[in-house]
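Peer 1: Dropping the structure in here first, questions after.
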Amino acid sequence: MRTGYRDLTADEVRAFIKSRRQGTYTLLDVRQDWEYEEEHIPGSFHIPLPELSDRLHEIPRDKPAIAYCRSGGRSSAAAAMLRDNKVAEVYNLTDGMSGWRGEAAVGPGSAGLLAFSGDESTAEVVALACRMEVQLGDFYRTMAKTATVDDVRDLLEKLADFEDRHQTWLLTIYQKLTGEALDPALLTASAQDEGAAMLEGGLTAEEFIRRNTPALDTPTGVIEAGMMFEAQALDLYTRYAARSANEASRALLYKMADEEKRHLKALGTLLDKVARKD
1 MRTGYRDLTA DEVRAFIKSR RQGTYTLLDV RQDWEYEEEH IPGSFHIPLP ELSDRLHEIP
61 RDKPAIAYCR SGGRSSAAAA MLRDNKVAEV YNLTDGMSGW RGEAAVGPGS AGLLAFSGDE
121 STAEVVALAC RMEVQLGDFY RTMAKTATVD DVRDLLEKLA DFEDRHQTWL LTIYQKLTGE
181 ALDPALLTAS AQDEGAAMLE GGLTAEEFIR RNTPALDTPT GVIEAGMMFE AQALDLYTRY
241 AARSANEASR ALLYKMADEE KRHLKALGTL LDKVARKD
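Dropping the structure here:
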């Protein structure tokens, strides 16, 4: 039977995402709010299936769309609705989150967005991202000081250096885009700023520790925690981009999300090496 959309496995969806830049497709989670908050694929746009018929106008027709739910049932209905609404290419993740076995983000669709109004300039977007990078680097270094296992301490320090390099990349990208250096005053915003207290990805240190108390006890746990932060950042920057009213800022946010995808790949390679050594 012809459905007008194509079913994809989890591996096929991962390949699809890796081969495309952020912002060139829609990843649609049609589960309920509580399901989305527990975990979702980074960069997902969230519309519960019961609301989709009234919100189809929010899905771009000129971009491919992949719908997913828990196990493929609700998303097949969503895919049919997208097809009927003349979305260019429509796909259904047949296994849903149950078969995803990949990077996942947590929290509601509003997580981390208090720091972002949607009207920020390119400079303000970079400054906000840099402050989160600094917070995460400081967090890793603080945890390294209390680590009792040498390999864990070394990995935490390596991840802190990783965040320093990412901040340098952000400042370089900003200078290339604008032809000028970022105003240092934007990087030293008051600590009461919403973004200044957040780690990369929109989580606070307290939220991370609450969710991942034992995560930093082993080398693999440290890398998995780093991957979680990168997945959160990919998710957050994609949601920032969707909310941004500034075209230059939106393009930069999608570029930042693509960079987080590269970071995830690098951490995955590191995890494989550490796991083989163990």
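Its first residue numbered 1, the sequence shown is counted upward by one per residue in the UniProt record's numbering.
For each residue, glycine too, the CB sits at the ideal point set by N, CA and C.
#1: According to DSSP, simplified to helix, strand and coil, what is residue 27?
#2: Out of 59, 36, 54, which one is the CA nearest neighbour of residue 69?
#3: So, residue 61 versus residue 87, is the Cβ gap smaller than 8 Å?
#4: Under 8 Å between the Cβ atoms of residue 49 and residue 85?
#5: Please name the residue, chosen from 122, 8, 268, 271, that lies closest to residue 175 on a Cα-to-Cα basis.
#6: Taking the beta strand (DSSP E) that residue 182 falls in, what are its first and last residues?
#7: Excluding sequence positions up to five away, which residues of its chain have a Cβ less than 8 Å from the Cβ of residue 8?
#8: Determine the DSSP secondary structure at residue 104, reduced to helix, strand or coil.
#9: Assign residue 7 to one of three DSSP states: helix, strand, or coil.
#10: List, from N- to C-terminal side, the beta strand (DSSP E) runs of 3 residues or more that fit wholly inside the stretch 22–83.
#11: Using three-state DSSP, classify residue 149 as helix, strand or coil.
#12: Assuming residue 90 is part of the beta strand (DSSP E), what are its boundary residues?
#13: Residue range of the alpha helix (DSSP H) that residue 228 falls in?
#14: Compute the Euclidean distance between the alpha carbons of residue 265 and residue 52, then round it to the nearest angstrom.
#15: Nearest to residue 98 by alpha carbon, out of 73, 157, 119, 124?
#16: Going by DSSP in three states, residue 255 sits in which element: helix, strand or coil?
#17: Quick one: what does DSSP say residue 12 is sitting in, helix, strand or coil?
#18: Cutting at 7 Å between CB atoms, please list the residues of its own chain near residue 260, excluding the five before and the five after it.
#19: Can the beta-carbon of residue 23 be found closer than 8 Å to that of residue 275?
#20: CB residue 163 to CB residue 124, shorter than 8 Å?
#21: Are the CB atoms of residue 218 and residue 271 nearer to each other than 8 Å?
#22: Do residue 43 and residue 251 have their C-beta atoms closer together than 8 Å?
Peer 2: By the coordinates alone:
#1: strand
#2: 36
#3: yes
#4: With contacts defined as CB atoms closer than 8 Å, residue 49 and residue 85 fail to qualify as a contacting pair.
#5: 122
#6: In the DSSP annotation of this structure, residue 182 is not part of any beta strand (DSSP E), being labelled neither H nor E.
#7: Cβ contact annotation for residue 8 (same chain, cutoff 8 Å, sequence separation greater than five): 16, 66, 91, 92, 93, 94, in chain order.
#8: coil
#9: strand
#10: The qualifying runs are 26–29, 65–68.
#11: coil
#12: 90–93
#13: 219–243
#14: 33 Å
#15: 73
#16: helix
#17: Helix, per DSSP.
#18: Setting aside the 5 residues that flank it on each side, residue 260 is surrounded in the same chain by 230, 233, 234, 237, each with a C-beta closer than 7 Å to its C-beta; the list follows chain order.
#19: no
#20: no
#21: no
#22: no
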